[in-house]
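Residue numbers (this note's numbering): 151 to 395.
Comments concern the structure below.
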């Protein structure tokens with residue numbers, strides 16, 4: 151086999167791997183959507199699919215009954231001492247909708263110093279960050295204490311509520327949440343509207359936890375395939391560039 155044939159074979163194998171990963175990713179995305187449709191309910195007393203140990207009807211609660219709600223803010227960008235960089239040893243994450251690309255978050259493009267942190271609205275780890283302006287329903291769970299901007303409402307669940315269960319409940323109800331806002335050109339769900347938004351959910355925490363655990367495992371698989379796709383795409387680009395050096 152000639153050198154050119156070997157190189158050609160390598161790129162074909164890379165493309166086949168990327169395609170295979172993308173197909174698996176699409177299947178997992180479809181599975182997640184299907185599970186959301188079957189394990190959650192908006193109007194019915196029970197969902198279509200349940201774990202066998204649970205029989206009791208779901209109940210409806212407002213967001214304010216589920217936990218504490220905050221709307222984020224932006225510490226003054228004119229005060230340089232408030233803002234850190236990704237190289238700082240001491241920094242605090244400050245989340246904007248642009249940072250939200252997966253079910254969990256622990257790093258952000260911009261960070262806050264201790265001074266900026268004092269000026270920010272923040273929440274403890276394992277809160278939900280729900281985008282409520284423009285890209286409504288772009289949601290995540292912060293794995294570390296976090297501050298966030300005014301486009302985001304946070305929900306810190308009370309004891310007895312599972313963050314992962316709630317995250318996917320909001321993901322399923324993106325359209326309904328958007329409709330809960332006002333009718334202005336720019337979609338906005340303010341703090342009061344968000345607090346009044348209702349979710350139908352299991353009364354037992356253990357059922358919430360099991361559903362949340364299932365979605366967490368699916369999300370981790372999805373993230374793994376996304377990372378593998380990105381890795382092989384970077385490898386392909388690097389190989390192409392090296393051929394022309």
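Glycine residues also receive a C-beta, built at the ideal position from the N, C-alpha and C atoms.
Small disclaimer: the values here were computed from a predicted structure and weren't measured.
- prompt: Which residues in the same chain have their Cβ closer than 8 Å to the Cβ of residue 345, if we skip the five residues on either side of it in sequence?
  reply: By one-based count along the chain shown, residue 345 stands at place 195. Contacts found: 212, 213, 214 and 219.
- prompt: Within the present structure, is the beta-carbon of residue 263 separated from the nearest heavy atom of the ligand ZN by less than 8 Å?
  reply: Only the bare structure without any ligand can be found here, which leaves the ligand ZN out of the picture.
task: Have a look at residue 206 and residue 321 and give me their C-alpha separation to the nearest angstrom.
output: Within the chain shown, the letter at position 56 stands for residue 206. Within the chain shown, the letter at position 171 stands for residue 321. Across the structure, residue 206 and residue 321 are spaced so that their CA atoms are roughly 24 Å apart.
field: Start-to-end residues for the beta strand (DSSP E) that takes in residue 304
entry: Your numbering for residue 304 matches position 154 in the chain shown. Under the DSSP assignment, residue 304 falls in the beta strand (DSSP E) whose first and last residues are 302-307.
Whole-angstrom distance between residue 291 and residue 298, CA atom to CA atom: Looking up residue 298 in the chain shown gives position 148. Looking up residue 291 in the chain shown gives position 141. One C-alpha to the other measures close to 12 Å.
message: Taking the straight line between their C-alpha atoms, what separation do you get for residue 234 and residue 305?
response: As a working note, residue 234 is residue 84 in the chain shown. As a working note, residue 305 is residue 155 in the chain shown. In this model, residue 234 and residue 305 are separated by some 25 Å (Cα to Cα).
Backbone secondary structure at residue 242 - three-state DSSP: Here the question's residue 242 lines up with position 92 in the chain shown. In this structure, residue 242 counts as strand in the three-state DSSP scheme.
query: Is it right to say residue 161 is buried, meaning 16 or more other beta carbons lie within 10 angstroms of its own, or is it exposed?
result: As a first step, residue 161 must be located in the chain shown, where it is residue number 11. Around the beta carbon of residue 161, fewer than 16 other beta carbons sit within 10 angstroms, so the residue counts as exposed.
field: Exposure label - residue 325; buried when at least 16 CB within 10 Å
entry: Counted from its first residue, the chain shown places residue 325 at position 175. The residue is exposed, with fewer than 16 neighbouring Cβ atoms inside 10 Å.
query: Which first and last residues belong to the beta strand (DSSP E) in which residue 351 is found?
result: Position 201 of the chain shown, counting from 1, holds the residue named residue 351. For residue 351, the enclosing beta strand (DSSP E) covers residues 348-351.
- prompt: Taking Cβ positions, are residue 221 and residue 343 nearer each other than 9 Å?
  reply: The residue labelled residue 221 in the question sits at position 71 within the chain shown. The residue labelled residue 343 in the question sits at position 193 within the chain shown. Cβ distance not < 9 Å, so residue 221 and residue 343 don't count as in contact.
- prompt: When we look at the beta-carbon of residue 357 and count the other beta-carbons within 10 Å, is it buried (16 or more) or exposed?
  reply: Within the chain shown, residue 357 is the residue found at index 207, counting from 1. Buried, by the Cβ-count rule.
message: Can you find the residues in the same chain that come closer than 8 Å, C-beta to C-beta, to residue 227, ignoring five residues on each side of it along the sequence?
response: Working through the chain shown from its first residue, we reach residue 227 at position 77. These residues qualify, in order along the chain: 233.
task: Output the residue ranges of the alpha helix (DSSP H) runs that lie fully inside the segment 201-236 and measure 4 residues or longer, sorted by chain position.
output: Counting only runs of 4 or more, we get 213-216.
message: Measuring only the C-alpha atoms, how far is residue 329 from residue 157?
response: Locating residue 329 in the chain shown gives position 179, counting from the first residue. Locating residue 157 in the chain shown gives position 7, counting from the first residue. Cα to Cα, the separation comes out at about 53 Å.
- prompt: Where does residue 272 sit, in a helix, a strand or coil, going by DSSP?
  reply: Position 122 of the chain shown holds residue 272. Assignment of residue 272 by DSSP, reduced to helix, strand and coil, places it in the strand class.
- prompt: What does a CB cutoff of less than 8 Å around residue 179 pick up in its chain, not counting 5 residues either side in sequence?
  reply: Here residue 179 refers to the residue found at position 29 when the chain shown is read from its first residue. When the five nearest sequence neighbours on each side are left out, the beta carbons in the same chain lying within less than 8 Å of the beta carbon of residue 179 are those of 372, in order along the chain.
Proximity winner among 296, 159 and 175, relative to residue 380 (alpha-carbon distances): For this step, residue 380 is matched to residue 230 along the chain shown. Taking only the C-alpha atoms, the option nearest residue 380 is 175.
- request: Give the secondary structure of residue 131 by DSSP, where H, G and I count as helix, E and B as strand, and everything else as coil.
  value: The question about residue 131 has no answer here: the residues shown for the chain are numbered 151 through 395.
message: Comparing C-alpha positions only, which one of 198, 295 and 252 sits nearest to residue 244?
response: Taking the chain shown and counting its residues from 1, the one referred to as residue 244 is at position 94. It is 295.
- prompt: Of all the options 352, 360, 370 and 284, which has the alpha carbon lying nearest to the alpha carbon of residue 331?
  reply: As a working mapping, residue 331 is identified with position 181 in the chain shown. For the options 352, 360, 370 and 284, the alpha carbon positioned closest to that of residue 331 is the one of 284.
message: Distance check for residue 293 and residue 255, CA to CA, integer angstroms please.
response: If you number the chain shown from 1, residue 255 lands on position 105. If you number the chain shown from 1, residue 293 lands on position 143. Distance from the CA atom of residue 255 to the CA atom of residue 293, rounded to whole angstroms, is 6 Å.
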